[in-house]
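One structure is given here, and the rest of the page talks about it.
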Amino acid sequence: MRDEAIIMDEEARIRLASLEQSEAEIRIDESSMKAESSLNQDEAASLSEEELLQNGMLCSLTQRVMIISPMPERVKSLLVALSSECFDVFSLHDFNKSMLQSLQPELLVYDAIPVVHASGGNTLQAGAELLESAEMHAVPVLILLDQKSYDTRGTFALGTAELLVWPAKPEQAVKQINRMLLNRPTGAAKVPAEDIRSFKDIEIDLKKMTVDRAGQRIDLTKTEYDLLLHFISSDGSVLTRESLLDTVWGLQFYGGSNLVDAHIKSLRKKLKDSAVAPKYIVTVRGVGYRLADIRDR
């Protein structure tokens, strides 16, 4: 009996030692994760806005997608995938024409789940108002259907809307959405004049926060967008570096004007502008910047 007790005590000590080792390993892993997280935060803090954008750590201004689904859990994976791809995503339980007008999405995703409108026949009929409004505003629509609804859809008028059997891999949906946005006709919907700021061939849509140059979308960071909007909204007067820092960055700044210079350089590059022969932004040496006029080239 004494020998058995000694063996049992030895086994208990081994189990205790193993448990303590496992707990130590967990603590080490947690410490490593915290350290890695801290390093990532420190790395992000040391990078400029442009560097963060290039490294995929910061999203540029992007396109808006509105998802309408009575069961958000069904489209959760798509919402996450779109957000990861730097889309601005709005999720609604039901379609509302006023939201379409106020949010002005570039694309609608309509989840035509059959259980919601089972008493109304073909589930696509519930989206008739959505399709009509989307067509009026020239907004492409992607309709999500289950396999049975897809097979029995008949000849229901979809207009230019596209279909996707759902659930599916979210990457497949993102790929289809990108293609639909790429093929979307430009200038199909008329934007109210008060929502537009323009200078030469640059056009800024204030509601969508988008910038087009000669009809082509220009991806700007939030700071670059604010800088450009401030220039175009000005009367052409010289804007000092200090005033730009105060207006755009919100700083009462007394030094480090190279921050403005760096962002102006990046903005010019994206606009294909030149400091030597400026088309959009002119450098006023020793003072700041102003909008270019016809005599500056």
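If you're matching positions, the sequence shown starts at 2 in our numbering and goes up one per residue.
Where is the CB? At the ideal position from N, CA and C, for every residue including glycine.
Here H264 is buried: its Cβ has 16 or more other Cβ atoms, across all protein chains shown, within 10 Å. Residue pairing by DSSP puts V90 in a beta bridge opposite V66. The three-state reading of DSSP puts I114 in coil, since its state is none of H, G, I, E or B. When the Cα atoms are used, R291 and L183 turn out to be separated by approximately 34 Å. Out of R242, A82, I295 and L108, the CA that lies nearest to the CA of V285 is found in R242. Nearest to V140 by C-alpha distance, out of D227, I282, V66 and S234, is V66.
Sequence-distant Cβ neighbours of G289 in its own chain, meaning closer than 6 Å and more than five residues away, are V239, L240, T241 and R242. Cβ contact annotation for E172 (same chain, cutoff 8 Å, sequence separation greater than five): A82, in chain order.
Between L143 and M181, the C-beta spacing is below 9 Å. Around the C-beta of Q64, 16 or more other C-beta atoms lie within 10 Å, and the residue is accordingly described as buried.
In this structure, F96 lies near I69, with their beta-carbon atoms less than 9 Å apart. Assignment of E225 by DSSP, reduced to helix, strand and coil, places it in the helix class. If you draw a straight line from the Cα of S244 to the Cα of R218, it is about 28 Å long. Spatial neighbours of Y281 in its own chain (CB-CB distance under 6 Å, excluding positions within 5 residues in sequence) are listed in chain order as L272, D274 and A293. When secondary structure is reduced to three states using DSSP, E243 falls in the helix class. Burial of V283 is indicated by the presence of at least 16 other C-beta atoms within 10 angstroms of its C-beta. With distances taken between CA atoms, L108 lies nearest to E136 out of L228, E136, I295 and P73.
With fewer than 16 neighbouring CB atoms inside 10 Å of its own CB, P73 falls in the exposed class. Taking a C-beta distance under 9 Å as the contact criterion, Q177 and E163 qualify as a contact pair. According to the DSSP assignment, R198 belongs to the beta strand (DSSP E) that extends over I197 to F200. Ranked by Cα distance from S235, the first of T211, F200 and V212 is F200. V212 and R296 have their C-alpha atoms roughly 25 Å apart. For L93, the closest of I203, L104 and E86 by C-alpha to C-alpha distance is L104.
In the structure shown, T284 falls within a strand segment according to DSSP collapsed to helix, strand and coil. For E136, the enclosing alpha helix (DSSP H) covers residues A129 to M137. Residue burial is scored here from C-beta neighbours: I114 has at least 16 other C-beta atoms within 10 angstroms and is therefore classed as buried. For D206, the uninterrupted beta strand (DSSP E) segment begins and ends at I203 to D206. L131 is not a Cβ neighbour of Y151, given a cutoff of 9 Å.
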